[in-house]
Each structure stands twice: as structure tokens, then as C-alpha cells.
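Residue numbers (my numbering): 6 to 311. All C-beta atoms in this analysis are idealised placements derived from N, C-alpha and C, irrespective of residue type, glycine included. See structure below.
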Amino acid sequence: MRFKPDLKWSDVTPNADYMNRRQLMMGAGALGLGAIAGPAFGAIETVPSPYSTDAEPNSLEDITAYNNFYEFGTGKGDPARYAAALTTDPWSVQIDGLVGKPGNYDLADLTQGVTMEERIYRFRCVEAWAMVIPWVGFELSHLLNRVGVQPSAKYVAFETLVRPEEMVGQRSAVLDWPYREGLRLDEAMNPLTILATGLYGEEMPNQNGAPIRLVVPWKYGFKSIKSIVRITLTEEEPPATWNMQNPREYGFYSNVNPEVDHPRWSQASERLIGGFFAKRQPTQKFNGYGEYVADLYADMDLAEQF
Ligand code: MTE
Numbered sequence: 006m007r008f009k010p011d012l013k014w015s016d017v018t019p020n021a022d023y024m025n026r027r028q029l030m031m032g033a034g035a036l037g038l039g040a041i042a043g044p045a046f047g048a049i050e051t052v053p054s055p056y057s058t059d060a061e062p063n064s065l066e067d068i069t070a071y072n073n074f075y076e077f078g079t080g081k082g083d084p085a086r087y088a089a090a091l092t093t094d095p096w097s098v099q100i101d102g103l104v105g106k107p108g109n110y111d112l113a114d115l116t117q118g119v120t121m122e123e124r125i126y127r128f129r130c131v132e133a134w135a136m137v138i139p140w141v142g143f144e145l146s147h148l149l150n151r152v153g154v155q156p157s158a159k160y161v162a163f164e165t166l167v168r169p170e171e172m173v174g175q176r177s178a179v180l181d182w183p184y185r186e187g188l189r190l191d192e193a194m195n196p197l198t199i200l201a202t203g204l205y206g207e208e209m210p211n212q213n214g215a216p217i218r219l220v221v222p223w224k225y226g227f228k229s230i231k232s233i234v235r236i237t238l239t240e241e242e243p244p245a246t247w248n249m250q251n252p253r254e255y256g257f258y259s260n261v262n263p264e265v266d267h268p269r270w271s272q273a274s275e276r277l278i279g280g281f282f283a284k285r286q287p288t289q290k291f292n293g294y295g296e297y298v299a300d301l302y303a304d305m306d307l308a309e310q311f
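Encoded structure:
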């Protein structure tokens, strides 16, 4: 089932039902029966991820009403307002550069044979707000291994669709389109790095980057590029949109780091989206995923390479 933008929020899985289903799934997983987890709304079959946080996820409403997706405008409400215009079927992703099997892959091809895992991450955005989002996706490494990474490849570059007829924000030059991002190959191969195709057990809402987007949970949100149409393996560090736009404020690495402030604001605390009060909490280095990723940066000065 495609996510229908005209559905009312009350029509889709409410948080409490979702949590019950999730607890059921966790139980099934403990018994080694992960794959039997039946989605309550018949959408996507998933198994729980070992990397999920125990934190309560934000509501579907929070996750789909407060977004950054400049292709649809610069306001946080613009994506919810305008992204329904985007056609996401058919969809293909060009995979090229230093790969064994370059080509134009249909979305169904990319997800074929991969187990969709449900991963709940605390996702921090560029202006230091945080959400907990139950993504559905699979490890990027599965795809890269399938297409074959050549030994000389050191980075992975990503590009978003350019289609100003459907993406109203692209009719002005607020950013240098297409939106671009990149990861070092070892970051891309880390099991925390996923390609997400849905959330809350449903296919991806357009405003969250349908039909396929990156999620890199230990980095600021802007690394998690939406609506991907191209993945290129390269030898050189690829261009990244916010780094190109303002290299003083946004580095290539963009690891969540309370010790390195953004020139215009502190990164030491983050605002939690949801609830009646704007709660703040201390930011955790690498967004709390240090045990899985700190080794990637062991030899680097993260204040220099931010
Ligand atoms: N991807 C594209 N193509 N265009 C964008 O403007 N914004 C980024 C990232 N991916 C953006 C993008 C930023 S700044 C953030 S914080 C996250 O998407 C927001 O993801 P969410 O709306 O699913 O929470």
C-alpha cells in the first residue's frame, strides 16, 4: 500500500497500537521468529533491528508535519503542504562510478531480497532539534556489496531528484540543485547506515524522502539525503550541499558533537520535538552511537574535521 497523503492521521497506526505491535515483534524476535511479525496495516514486513533505541518514538504527526526538505520550500511545514505533488512510482536509482555492476536500477530491484529492518533512531537535525523515528529500511552495505565496490573507491556520493514541475522549491535557487551528500566508504558500510523506504511500518511519506532516503543516525540530519536518484562511488571526497553552501558552518563529516559548536549556535543541547513544552536535553556525542562509530574517527581531530 502506498502512503496516501489524503489519509487522516487517525486513519493510520496510532502510536499506542504501534507500540503494542512493536512489543509483539520484539517478543517474536526473542523467540527467533522475527519474520512472522505481521504488520498491523499490511504494509511492509519488518523485523526489529538490534540497533533500535528504547526511547518512545515521536508521533506520526510530528514526524510528517515538521520537516526539512528544501525541494518543497524552506519552511518546516512546506514539505507536508507540497510534497504530495511528487510522483514516486516509477522510480529508479542510477548507480555508477567505481562499481562492478553500474546501471539504472528499478526501486523494486534495489529492495529485492533484503530484509527490511525496523530501526528506531534519535535523529538530530541541523538546527539542533531531535526526533525519535521508527524507520523501515536496510543496510546500505547490502546494496553496495551487491553492485560491487571497486578497490579504488573511497567515498559514496548521493543525489536527489531534480524535478521542478513537482518540487516547487526547486523553482528558486535557494540551494544549488541537485541536493548532494556524501559519506566516506567505511561510514557507508557501517551497519547503522541505512537506506530507508518507510517509517511506522508504512511506505515512506513523501515529505520524509519517498521512496528511498539515507539515514545516518550519528550525523546531523542534513547528511540523510532524501528521494535519492543517484549513487556514485568515487575516489575523491564528493561535494555535499550544505558544505558547498557554507563551508565555515557545515563540514563534510557533520558528526553530532556537543563539543563543536555551530558558529551561530551551541550544539551542547537539543530541543525535543513533541509534547506541550519545548524540552531540551544534553546532546550526546555521535548522537549516542559512539560505541559503534567512534573507531571510524580514531585518528582525526574532530574539531578540525567537523
Ligand atoms: N534531503 C533533501 N533532498 N533536501 C533537503 O532539504 N534536508 C535535510 C535532510 N535531507 C534535506 C534532505 C535536513 S536539513 C534534515 S534535518 C533532514 O533531511 C530532515 O529529515 P525529516 O524531515 O525526515 O526529519
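Looking at the DSSP output, I125 sits in a beta bridge with P139. In this structure, DSSP gives T239 an extended state, which the three-state scheme calls strand. Counted as a single uninterrupted DSSP element, the alpha helix (DSSP H) harbouring E192 occupies residues 190-194. Going by C-alpha positions, M249 is about 9 Å away from G256.
Under the three-state reduction of DSSP output, Y56 falls in the coil class, being neither helix nor strand.
Annotation for D111: the continuous beta strand (DSSP E) segment containing it runs 108-111.
Taking 7 Å as the cut-off, the Cβ atoms of W140 and L197 do not count as close.
Three or more beta-carbon pairs separated by less than 8 Å are not found between the stretch 154-161 and the stretch 47-66, which leaves the two stretches without contact. Annotated as distal: A303 and V265, with beta-carbon spacing of 7 Å or more. Taking a contact to require three or more Cβ pairs closer than 8 Å, the stretch 213-226 and the stretch 123-134 qualify as touching. The alpha-carbon of D181 is positioned some 12 Å away from that of E164.
Under the three-state reduction of DSSP, R276 is assigned to strand. No Cβ-Cβ contact shorter than 7 Å links A193 with L148. Around the CB of V137, 16 or more other CB atoms lie within 10 Å, so the residue is classed as buried.
Non-local beta-carbon contacts of P287 in its own chain, meaning distances under 6 Å to residues more than five positions away in sequence, involve S274 in chain order. At least one heavy atom of the ligand MTE is found less than 6 Å from the C-beta of K231.
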